[in-house]
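Undergrad: Once you've had a glance at the structure underneath, I'll fire off some questions.
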Amino acid sequence: MFASDYYKTKKLFGILSLLIIIGVTSCNSDTPQDNVENIKMKVSSEIGTYQPWGSDHFIDCMLVKEEGKNEYEALDFLGIAGFDYSKGYEYTLLVKKTTLLNPPADASNIAYELVEVLSKVGVEYEYTIEVDGPNPFILSPDGGKYEIPFACKRKKYVAGEFTEEEYAPLKGLRYNMGTNYGTYTSIIKDGDTVGLYKFVIEGIEPYNMEGTPWWYYGIYPADADFFSETEPEPIYKQLFEQPQTEGEEHFIYPIIYASSGTFD
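Just add 393 to the spot in the sequence shown (first one is 1) and you have my numbering.
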């Protein structure tokens, strides 16, 4: 009798253990997990900027686009584990995308890891500036404020082959401007359309001066060096001329205003 009870108890214990294991397994399968998938991703040959959380400054970054999406998004240069980015190349990547259930504080809930570089091709752009006005632009002898519309376009070459032409922002290109008599020279956006801008200039009151008056605004490639011995070749150089007015009362001494930099 005792032996029979012992075997019954042992059998019951085995059944309970099995039920506990099944229950634990069931609970584990119901626990939410990180979502992991392999996706294709495009990486632009151009860089962008973004503002890190808690920072007052913008920094450079990659521009990436997951397969199926229309717009490129900013991603830190270290945002794809195992991937080394080089500007001027367009990439197609196979990456492991992990959507984290419990991301670290103040961090993205998405992590990328390189699986394979599917393609890497060199990309070059050829910029043109199309101005709706003459060059040189002639102001009135009385000066005044003027706006001169223009468009920035570029041709895209992938692995040396032309692929498309598009309106493009000035961002990344360089500028050099100067005058020895003008008062105001600037470039502003002309509406919200990409690639449309205006020169905004303001001449002085009637004047005359000794020497040759000069006034220009040049737009240059991103790698233009303004400190070299020779002037770099501009993409476009707009000249401005304000005719002089005779009379001692209009005489001025030349004052040079000059500025150079990179478009934001």
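Glycine included, C-beta positions come from ideal geometry on N, C-alpha and C.
Count the other CB atoms, across all protein chains shown, that sit within 10 Å of the CB of Asn569; report buried if there are 16 or more and exposed otherwise.
TA: Buried: at least 16 other Cβ atoms inside 10 Å.
Undergrad: Residues in its own chain within less than 6 angstroms of Thr578 by CB, not counting five upstream and five downstream?
TA: Contacts found: Met570, Ile594 and Tyr610.
Undergrad: Excluding sequence positions up to five away, which residues of its chain have a Cβ less than 6 angstroms from the Cβ of Glu483?
TA: Answer for Glu483: Ser438, Val514 and Val516, listed in chain order.
Undergrad: Starting from the Cα of Gly553, find the closest Cα among Tyr518, Leu511, Ala561 and Asn495 and give me that residue.
TA: Taking only the C-alpha atoms, the option nearest Gly553 is Tyr518.
Undergrad: So, for Thr485: in the same chain, excluding its five sequence neighbours on each side, which residues have a beta-carbon less than 7 angstroms away from its beta-carbon?
TA: Here the set comprises Lys433, Lys435, Leu511 and Ser512.
Undergrad: Please return the same chain residues whose Cβ sits closer than 6 angstroms to the Cβ of Lys458, not counting the five positions on each side in sequence.
TA: Cβ within range, chain order: Lys435 and Tyr465.
Undergrad: Tell me the DSSP secondary structure of Glu639 in three-state form.
TA: Glu639 falls in the coil class under three-state DSSP.
Undergrad: Quick one: which unbroken beta strand (DSSP E) runs of 3-plus residues sit fully inside the segment 503-542? Chain order, please.
TA: Runs found: 503-524.
Undergrad: Measuring alpha carbon to alpha carbon, tell me which of Pro497, Val524 and Glu540 ends up nearest Lys630.
TA: Looking at the Cα atoms, Val524 is the closest of the given residues.
Undergrad: Which residues in the same chain as Asn428 place their Cβ atom closer than 6 angstroms to its Cβ, once the five residues preceding and following it in sequence are excluded?
TA: Taken in chain order, the residues that qualify are Thr492.
Undergrad: Roughly how many whole angstroms lie between the Cα atoms of Ala504 and Thr623?
TA: So the alpha carbons of these two residues sit roughly 48 angstroms apart.
Undergrad: Quick check on the burial criterion: 16 or more other C-beta atoms within 10 angstroms. Buried or exposed for Tyr574?
TA: So Tyr574 counts as buried.
Undergrad: Figure out for me which residue from Phe619, Tyr600, Thr572 and Asn601 has the closest Cα to the Cα of Trp607.
TA: Nearest option by C-alpha distance: Thr572.
Undergrad: With DSSP as the reference, please indicate the residues paired to Phe644 in a beta bridge.
TA: According to DSSP, which records beta bridges pairwise, Phe644 is partnered with Asn601.
Undergrad: Tell me whether the beta-carbon of Arg547 lies closer than 8 angstroms to the beta-carbon of Tyr520.
TA: It is a contact, given that the beta carbons lie within the stated cut-off.
Undergrad: Please list the terminal residues of the continuous beta strand (DSSP E) segment that includes Trp608.
TA: Trp608 to Tyr613 is the extent of the beta strand (DSSP E) around Trp608.
Undergrad: Quick check on this structure: which residue in Gly461, Lys462, Pro425 and Ile452 has the alpha carbon closest to the alpha carbon of Leu468?
TA: That would be Ile452, whose Cα lies nearest to the Cα of Leu468.
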